[in-house]
Ligand code: ADP
Ligand code: ZN
Ligand code: ZN
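In our numbering, the protein residues as written are 525 to 1272.
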């Protein structure tokens, strides 16, 4: 027997080894193996097994295969289905198989040093013969608390290890080493919850989801299509997920819930842990390696059957997967920004199909890709158009900032109507969320006399002034510098700060409302591990009147006392050079607006804008604007041959030499254009389109120049084939890096 092994090097190549007789019975695909490799010992995953007979029929072997040395861990890290999924991603995104395997498995899981420590655990037994009076009292205490760690019991009952050992010798206790679980939820209070009685719309939605779940006896689902759950904010989607998961668990299967990392707040985790307790495993970026190791092992052994996590949780080795939920399915954080550049929503759909599981994509503002799939019938569409318990959607007001500026003679940070609304909330003791998608005090430091702006020398981006430490920071590379005392160009000392960041808005707000208690939340105020949680808990507990923040506060949060949401500049994401700028703007505004009036008290939203007529802004101001926005935007995309009517990929060429980056981008663009001509000719249509090479919107980052080529075609595989061809024809030199992003979600 032979086995092909993926070794931990990004060679995109499998190596074949022979399987020694003593291992043939034990070796399984997905296991981690130890193999000889170029004079050293390497570790790698078993990808496929083959009979010698089959191998011999293939290419003739002129060399002797080296044998596998050992199986590192008897239980496979990847099930055959997961391996199939990994192979699909590698081929779909044109990524090396080894890199893809790595992305699918947390590094901590493979570190032998991460194995949990074993400590002595004490259990009380039934025998109580021959104990002293003191020992009898101790036994009763230990029975009462149900056993515990030796160290803990010694401390708690002021006894000694030798006393406990003596009791064990008499048969009253059992003392044995046990692995101590590193629990990410330890010390957090989780209140158990019961399923809520669903309203009619929720019931219909749950039924639709359950039609996609295969029956317990293995019979196939009534309607196995992916379900797109389009429910307005506060329509009770999470409760639907919870009850669908309960149904899946009842039939002995497991579930994965993907949430955007930003929405993976303790609040979200508590909702799942509150319903399913210990069966829930949580994965997120702030876990320690030990916690990640243990959570992952609990999933792998089947102890945890519900996994809640960000995009990489789509790979969780859940036993008998029955359901995958992708909450906020439109969220851009589902797309991985490095190789393999997979989209977790798409991977969820493929994984569910491979494993015969149901998949639910939920959102108040679905991606146009998913919306179109629902329109064509590829996905089943379920709508929940109303909030639960008769709660209304907030009234959304547009504030035309052009008029405000004309009236007041300058562009105010806060318009008069918004100030009035905040004032009212302060009087009523209700809370306000203010949203500004830009951190820092203000964005750009500009010379008043010559127009010079402070810019990061390594990135083509203006510096942002940060008031807290009085310096200029680059939001791309993190570099910083002191404030200049004079303009380097004209020596004038007259600077202005254009644009408004969260810190400046906070200062302005405090000037308007001296007594308002304001909390600010952005990447600068939340660098400590629990700071995010601290700020939100404080706000929830009513310790502040206003929460002011960046997109961190845009989604997922559910604060009953918030009745006002203000968006200081609704246009920030509208004018980006990106085909999805309009869609993103609409999504962001609708999500932020959805934070208002989620409980009994009705909510109100003020959107400050210079473009009240832009479709994305106008739609965000109308109560059920999504369908009409989507129809208009889809028509525009069809006309412009943009996704979802084609597949769009980018090639980004990075080099420290600008001419190298630009010339290689140019060479690739021309070669791909030649390929396109050959592709299009027999089809009689301009289906394969290649842009000219151009500076990327972010033209320079961390000292690297960036050039970009955009490719569109009917299918991703058409683009992959073309790019693989040119990469082979004209392999790039070492000092230029090419990043190929199949299904790019933005141009950067
Ligand atoms: P969504 O995920 O769609 O934004 P949630 O699931 O967070 O909505 O629900 C919004 C609020 O309504 C939550 O506080 C939730 O507990 C509550 N809720 C959900 N379903 C019901 C129901 N059937 N009856 C009463 N309250 C509900
Ligand atoms: Zn100047
Ligand atoms: Zn920089």
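We treat Cβ as the ideally placed atom computed from N, Cα and C, and that holds for glycine. None of these values were measured; they are calculated from a predicted model.
Nearest CA to the CA of residue 760: which residue from 912, 879, 730 and 989?
912
Which first and last residues belong to the alpha helix (DSSP H) in which residue 1109 is found?
1105 to 1117
Is the beta carbon of residue 912 within less than 7 angstroms of some heavy atom of ligand 1?
yes
Scan the stretch 762 to 824 and note each continuous alpha helix (DSSP H) run of 4 residues or more that stays entirely inside, going in chain order.
790 to 800 and 813 to 824
Residue burial classification, residue 1287 (beta-carbon count within 10 angstroms, cutoff 16):
Beyond the ends of the chain as shown, which are 525 and 1272, falls residue 1287; an answer cannot be given.
Got a sec: does ligand 1 put a non-hydrogen atom nearer than 7 angstroms to the Cβ of residue 716?
no
Provide the residue span of the beta strand (DSSP E) that contains residue 851, from first to last.
845 to 851
Can you confirm whether the stretch 1221 to 1236 touches the stretch 1162 to 1173 when touching is taken to mean that 3 or more C-beta pairs between the two stretches lie within less than 8 angstroms?
yes
Anticipated Cβ contact below 8 angstroms, residue 1109 with residue 1098, distance rounded:
5 angstroms
Local conformation of residue 1267 per DSSP, three classes:
coil
Give me the Cβ distance between residue 697 and residue 647, rounded to the nearest whole Å; I'm assuming they're in contact under 8 angstroms.
7 angstroms
Taking 7 angstroms as the cut-off, is the C-beta of residue 759 nearer than that to any heavy atom in ligand 4?
Looking at this structure, you won't find ligand 4 anywhere; what it does contain is ligand 1, ligand 2 and ligand 3.
Range of the contiguous beta strand (DSSP E) that encloses residue 907:
904 to 908
Taking a contact to mean a Cβ-Cβ separation below 8 angstroms, would you say residue 642 touches residue 679 in this structure?
no
Length of the line joining the Cα atoms of residue 1229 and residue 717:
53 angstroms
Could you check if residue 723 belongs to the surroundings of ligand 1, using beta carbon to heavy atom distance under 7 angstroms?
yes
With 16 other Cβ atoms within 10 Å as the buried cut-off, status of residue 972
exposed
Look at the Cβ atom of residue 1131, then the Cβ atom of residue 922, and state whether they are nearer than 8 angstroms.
yes
Can you tell which of 974, 1018 and 1029 has its C-alpha closest to the C-alpha of residue 990?
1029
Is it the case that the CB of residue 1082 approaches a heavy atom of ligand 1 more closely than 7 angstroms?
yes
Secondary structure at residue 704, three-state DSSP: helix, strand or coil?
coil
8 angstroms contact criterion, which residue 737 and residue 728 should meet: CB distance rounded:
The Cβ separation is near 16 angstroms, so there is no contact.
Return the CA-CA distance between residue 1162 and residue 1269, expressed in angstroms with no decimal places.
17 angstroms
Secondary structure at residue 602, three-state DSSP: helix, strand or coil?
coil
Under 8 angstroms: do the stretch 624 to 632 and the stretch 831 to 839 share three or more Cβ pairs, one atom per stretch?
yes
If you draw a straight line from the C-alpha of residue 1074 to the C-alpha of residue 826, how long is it?
38 angstroms
Cβ distance (whole Å) where residue 1266 is taken to contact residue 617 below 8 angstroms:
5 angstroms
Apart from the five residues just before and just after residue 762, which ones in its own chain have a Cβ nearer than 7 angstroms to its Cβ?
795
Give me the DSSP bridge partner(s) of residue 595.
557
Say the cut is 7 angstroms; is the CB of residue 755 nearer than that to a heavy atom of ligand 1?
yes
Count the other CB atoms, across all protein chains shown, that sit within 10 Å of the CB of residue 1053; report buried if there are 16 or more and exposed otherwise.
Here residue 1053 scores only 49 on pLDDT, less than 50, and its place in the model should not be relied on; the value that follows carries that caveat. Residue 1053 comes out exposed.
Take residue 1068 as the anchor and find which of 910, 1090, 1044 and 804 has the nearest alpha-carbon.
1044
Counterpart residues of residue 643 in DSSP-defined beta bridges
702
Residue 1153 and residue 1139 closer than 8 angstroms at C-beta:
yes
Could you tell me the alpha carbon to alpha carbon distance between residue 615 and residue 605, rounded to whole angstroms?
15 angstroms
Rounded to whole angstroms, what is the Cα-Cα separation between residue 782 and residue 842?
13 angstroms
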